[in-house]
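**Student:** Handing you this structure, nothing more for now.
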Amino acid sequence: MRQSGSPRTFRVKSFGCQMNVYDGERIGELLADKGLSAAPEGEDADLVVLNTCHIREKAAEKVYSDIGRLMKAGGDTPPMIAVAGCVAQAEGEEIMARAPGVGIVVGPQAYHRLPDMIERATQGQRATDTDMPADAKFAALPARRKVGPSAFLTVQEGCDKFCTYCVVPYTRGAEISRPFADLVSEAERLVESGAREITLLGQNVNAWEGEDARGRRVGLDGLIRDLAKLPDLQRIRYTTSHPNDVTDGLIAAHGEIEKLMPYLHLPVQSGSDRVLKAMNRSHTAESYLKLLDRFRAARPDIALSGDFIVGFPGETEEEFTQTLMLVDAVGYAQAYSFMYSPRPGTPAAAMDGHVPRDMMEDRLQRLQAALGRHSLAFNRASVGRTCDVLVERKGKKPGQWLGKSPWLQSVYFEGEAAIGDMVRTDLIEAGPNSLAGRLAEFAHA
Ligand code: SAH
Ligand code: SF4
Ligand code: F3S
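Numbering (the working numbering), first residue to last: 124 to 568.
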């Protein structure tokens, strides 16, 4: 640990979910507000913030190898290391004991206090703060700065669902919703700073509720309806949803609000009702499929996405096959799939019937092959469509641009454009992960 001198430059490395990406951006803004500057690419930083994820064992172990690498690379003057995020929350004391090079441990609900902790660490005092004051941090953070065309906005945090395999209720705490007015003003700020698309984030984003400007209780659809009134905001998305918090209003919103993009990430985890019950998911395969039918009725072209876990304790081959059947029944546009990873302190970790690793690997491979086929089929079915693409960055080839379709597909095209443009594009060729497009005539929207 550095003994003297306040850090002047910083780097934030975020792992895990989009909410961590959002927190990482806000940590960066906070540090910049305090006069530190982001270390240029390729240069060592005085302060490194590792914004960590605890969801699976591999993710959690990564923090220790990263700390080791930073200490080694720093030689006699290693950087000040701050461990933030969900590993900090779950294993704060263990990190302090195991990694003497770490000066600061700060949980996901306490990072607004980072400047004080840096001050203390500069004096040689290692500092830990894993308090959970829930929404206090947002009020203490500086206003949003310059952002790209597609921005994240955390509206809800925490989780009360306690799926038996999952650490999130422990690392992020109970469900809280940020106030409506704060979200509208942060969204306005993001749009002023250049955002054309906002993705509303929450561990259970559709559990968000609040009081709108007229004092009415509203759910996520009410918030979306209001945000859609911002003239320069062109697209709204939200993630991640839980099947149990889906409301009629949210489904209807997909048919009524043009700016709400036709995309839904609704994790299911398994196609077996026995496994779902053991996971404490409180939905069945059938109730999940019925929900999707209702979204499709409201918005027939909606692209569907989900999360899956293979090898949950006790999962039989037949139960796994039910997951494959569900995948075929849905025809996902895109999905995330994982091998079950036992997490300390969760009920599933103590269950019988842990599935051997080679069996999990085999199931994951078969599941991913099925998901890959469906993604390709979905992308192929898009060929021939003309749609708006929001340009997010330059492509690898000169003159090439990369953007997103309404269905969240990556689209490459060549021609005249700029980051932040919304361009009419013909989709001409499909791969499993992206599409080639061609600027349509009268391109600029
Ligand atoms: N709140 C969201 C996502 C939470 S974490 C939801 O409820 O769907 C993202 C995904 O990680 C989960 O959907 C699940 O598929 C996966 N996951 C969570 N805990 C896991 C574990 N112990 N092992 C493997 N995958 C896990
Ligand atoms: Fe974890 Fe379940 Fe909560 Fe999602 S709903 S964050 S999987 S406990
Ligand atoms: Fe990971 Fe925490 Fe997100 S455990 S997935 S960073 S909520």
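Idealized CB from N, CA, C, for every residue including glycine.
When you compare only the Cα positions, how much space is there between aspartate 344 and glycine 378?
**Tutor:** Position 221 of the sequence shown, counting from 1, holds the residue named residue 344. Position 255 of the sequence shown, counting from 1, holds the residue named residue 378. If you take the alpha carbons of aspartate 344 and glycine 378, they lie about 11 Å apart.
**Student:** Per DSSP, what kind of secondary structure is serine 129 in: helix, strand or coil?
**Tutor:** Residue numbering aside, residue 129 sits at position 6 when the sequence shown is read from its first letter. Reduced to three states, the DSSP call for serine 129 is coil.
**Student:** Find out if the Cβ-Cβ distance for the pair alanine 207, valine 229 is shorter than 8 Å.
**Tutor:** In the sequence shown, the residue the question calls residue 207 occupies position 84. In the sequence shown, the residue the question calls residue 229 occupies position 106. Yes, the Cβ-Cβ distance between alanine 207 and valine 229 is below 8 Å.
**Student:** What residue ranges within the stretch 143-216 form continuous beta strand (DSSP E) runs of no fewer than 3 residues, ordered along the chain?
**Tutor:** For the stretch 143-216, whole beta strand (DSSP E) runs of length 3 or above, ordered along the chain, are 170-175, 203-207.
**Student:** Taking 7 Å as the cut-off, is the C-beta of isoleucine 178 nearer than that to any heavy atom in the ligand SAH?
**Tutor:** Start at 1 with the first residue of the sequence shown, and residue 178 comes out as number 55. Yes.
**Student:** Ignoring anything shorter than 3 residues, give me the beta strand (DSSP E) runs that lie fully in the stretch 379-452, in order along the chain.
**Tutor:** Qualifying beta strand (DSSP E) stretches, in chain order: 386-388, 426-433.
**Student:** My guess is that alanine 540 and valine 514 are in contact by the Cβ rule of under 8 Å, so how many angstroms apart are they, rounded?
**Tutor:** Start at 1 with the first residue of the sequence shown, and residue 540 comes out as number 417. Start at 1 with the first residue of the sequence shown, and residue 514 comes out as number 391. With a Cβ gap of about 5 Å, alanine 540 and valine 514 count as contacting.
**Student:** Would you say the beta carbon of lysine 284 comes nearer than 7 Å to a heavy atom of the ligand SF4?
**Tutor:** Sequence index remark: in the sequence shown, residue 284 carries index 161 (1-based). True, at least one ligand heavy atom lies under 7 Å from that Cβ.
**Student:** For glycine 208, is the beta carbon positioned less than 7 Å from some heavy atom of the ligand F3S?
**Tutor:** Position 85 of the sequence shown holds residue 208. For the ligand F3S, at least one heavy atom lies less than 7 Å from the Cβ of glycine 208.
**Student:** Between arginine 149 and the rest of its own chain, which residues show a CB-CB distance below 6 Å, the 5 nearest in sequence each way excluded?
**Tutor:** Residue numbering aside, residue 149 sits at position 26 when the sequence shown is read from its first letter. Answer for arginine 149: Leu264, listed in chain order.
**Student:** Between methionine 545 and asparagine 502, what straight-line distance do the alpha-carbon atoms span, to the nearest angstrom?
**Tutor:** Here residue 545 is taken as the residue at index 422 of the sequence shown, counted from 1. Here residue 502 is taken as the residue at index 379 of the sequence shown, counted from 1. So the two alpha carbons sit approximately 20 Å from each other.
**Student:** Would you call alanine 233 buried or exposed, if buried means 16 or more other Cβ atoms sit within 10 Å of its Cβ?
**Tutor:** For the purposes of this step, residue 233 is identified with residue 110 of the sequence shown, where counting begins at 1. Alanine 233 comes out buried.
**Student:** Over what stretch of residues does the alpha helix (DSSP H) that includes glycine 495 continue unbroken?
**Tutor:** Looking up residue 495 in the sequence shown gives position 372. Per DSSP, glycine 495 belongs to the alpha helix (DSSP H) from 480-505.
**Student:** So, with DSSP's three-state summary, where would you put leucine 550?
**Tutor:** Indexing the sequence shown from 1 puts residue 550 at position 427. If DSSP states are grouped into helix, strand and coil, leucine 550 belongs with the strands.
**Student:** On the premise that alanine 168 lies in contact with threonine 132, defined as a C-beta separation below 8 Å, what is that separation, rounded to the nearest angstrom?
**Tutor:** Along the sequence shown, read from residue 1 onward, the residue named residue 132 stands at position 9. Along the sequence shown, read from residue 1 onward, the residue named residue 168 stands at position 45. Contact flag correct, Cβ pair sits at about 5 Å.
**Student:** Run the proximity test for methionine 142: is its beta-carbon closer than 7 Å to any non-hydrogen atom belonging to the ligand MG?
**Tutor:** By its list of ligands, the structure shown excludes the ligand MG, since it contains just the ligand SAH, the ligand SF4 and the ligand F3S.
**Student:** Could you pull out every unbroken alpha helix (DSSP H) segment of at least 4 residues lying fully inside the stretch 226-308, listed in chain order?
**Tutor:** The stretch 226-308 contains these whole alpha helix (DSSP H) runs: 237-245, 259-263, 291-294.
**Student:** Cβ of methionine 384 within 8 Å of Cβ of proline 272?
**Tutor:** Locating residue 384 in the sequence shown gives position 261, where the first residue counts as 1. Locating residue 272 in the sequence shown gives position 149, where the first residue counts as 1. It is not a contact, given that the beta carbons lie outside the stated cut-off.
**Student:** Is the CB-CB distance between phenylalanine 418 and valine 433 below 8 Å?
**Tutor:** Taking the first residue of the sequence shown as 1, we reach residue 418 at position 295. Taking the first residue of the sequence shown as 1, we reach residue 433 at position 310. No. Outside cutoff.
**Student:** Can you give me the C-alpha to C-alpha distance between aspartate 254 and glycine 468, rounded to a whole angstrom?
**Tutor:** Residue 254 sits at position 131 when you count from the first residue of the sequence shown. Residue 468 sits at position 345 when you count from the first residue of the sequence shown. Answer to the nearest angstrom: the Cα atoms are 19 Å apart.
**Student:** Apart from the five residues just before and just after threonine 277, which ones in its own chain have a Cβ nearer than 6 Å to its Cβ?
**Tutor:** As a working mapping, residue 277 is identified with position 154 in the sequence shown. Around threonine 277: Met142, Tyr145, Leu324.
**Student:** For the stretch 512-546, which segments carrying the beta strand (DSSP E) assignment without a break, of at least 3 residues, lie completely within its bounds, in sequence order?
**Tutor:** 523-527, 533-537, all fully within the stretch 512-546.
**Student:** Start and end of the beta strand (DSSP E) containing glycine 333?
**Tutor:** Here residue 333 corresponds to residue number 210 of the sequence shown, with the count starting at 1. Glycine 333 -> beta strand (DSSP E) spans 332-334.
**Student:** For leucine 324, report the span of its beta strand (DSSP E) as first-last.
**Tutor:** In the sequence shown, the residue the question calls residue 324 occupies position 201. Residues 320-324.
**Student:** Closer than 8 Å is the cut-off here; do at least three beta carbon pairs connect the stretch 213-223 with the stretch 184-192?
**Tutor:** Enough Cβ pairs lie closer than 8 Å, so yes.
**Student:** Give the DSSP bridge partners of alanine 458, in chain order.
**Tutor:** Numbered from its first residue, the sequence shown carries residue 458 at position 335. Paired residues: Gly429.
**Student:** I need the straight-line Cα distance from aspartate 485 to alanine 492, nearest angstrom please.
**Tutor:** As a first step, residue 485 must be located in the sequence shown, where it is residue number 362. As a first step, residue 492 must be located in the sequence shown, where it is residue number 369. Distance between the alpha carbons of aspartate 485 and alanine 492: 11 Å.
**Student:** So, for serine 460: in the same chain, excluding its five sequence neighbours on each side, which residues have a beta-carbon less than 8 Å away from its beta-carbon?
**Tutor:** Numbered from its first residue, the sequence shown carries residue 460 at position 337. Only Asp430, Phe431, Ile432, Val433, Leu487, Leu490, Gln491, Leu494 meet the Cβ criterion.
**Student:** Counting C-beta neighbours from all protein chains within 10 Å, is the total for lysine 284 16 or more, i.e. buried, or is it exposed?
**Tutor:** For the purposes of this step, residue 284 is taken as residue 161 along the sequence shown, with counting starting at 1. Counting Cβ neighbours within 10 Å, lysine 284 comes out buried, since at least 16 surround it.
**Student:** Taking the alpha carbon of alanine 274 as the point to measure from, which residue in Leu415, Asp305, Arg358 has its own alpha carbon closest?
**Tutor:** Looking up residue 274 in the sequence shown gives position 151. Looking at the Cα atoms, Arg358 is the closest of the given residues.
**Student:** Considering only residues of the same chain and omitting the five flanking positions on each side of tyrosine 463, which have a CB-CB separation below 6 Å?
**Tutor:** Against the sequence shown, residue 463 aligns to sequence position 340. Cβ neighbours of tyrosine 463 beyond the five flanking positions: Ile432, Gly434, Phe435.
**Student:** Candidates Asn367, Lys352, Val172, Ala211: which alpha carbon is nearest proline 202's?
**Tutor:** Start at 1 with the first residue of the sequence shown, and residue 202 comes out as number 79. Measuring from the Cα of proline 202, the nearest candidate turns out to be Val172.
**Student:** On the DSSP letters alone, give me the boundaries of the beta strand (DSSP E) that arginine 360 sits inside.
**Tutor:** Against the sequence shown, residue 360 aligns to sequence position 237. Per DSSP, arginine 360 belongs to the beta strand (DSSP E) from 358-362.
**Student:** Taking alanine 421 as the reference, which of Leu387, Asp396, Arg134 has the closest Cα?
**Tutor:** On the sequence shown, residue 421 is found 298 positions in, with the first residue counted as 1. Measuring from the Cα of alanine 421, the nearest candidate turns out to be Leu387.
**Student:** Identify whether methionine 124 lies in helix, strand or coil by the three-state DSSP scheme.
**Tutor:** Here residue 124 is taken as the residue at index 1 of the sequence shown, counted from 1. Residue placement at methionine 124 is poorly supported in this model, since its pLDDT is 41, which falls under 50; the coordinates still yield a value, given next. Coil, per DSSP.
**Student:** Which two residues bound the contiguous beta strand (DSSP E) that contains glycine 342?
**Tutor:** Taking the sequence shown and counting its residues from 1, one reaches residue 342 at position 219. From DSSP, the beta strand (DSSP E) with glycine 342 extends over 340-342.
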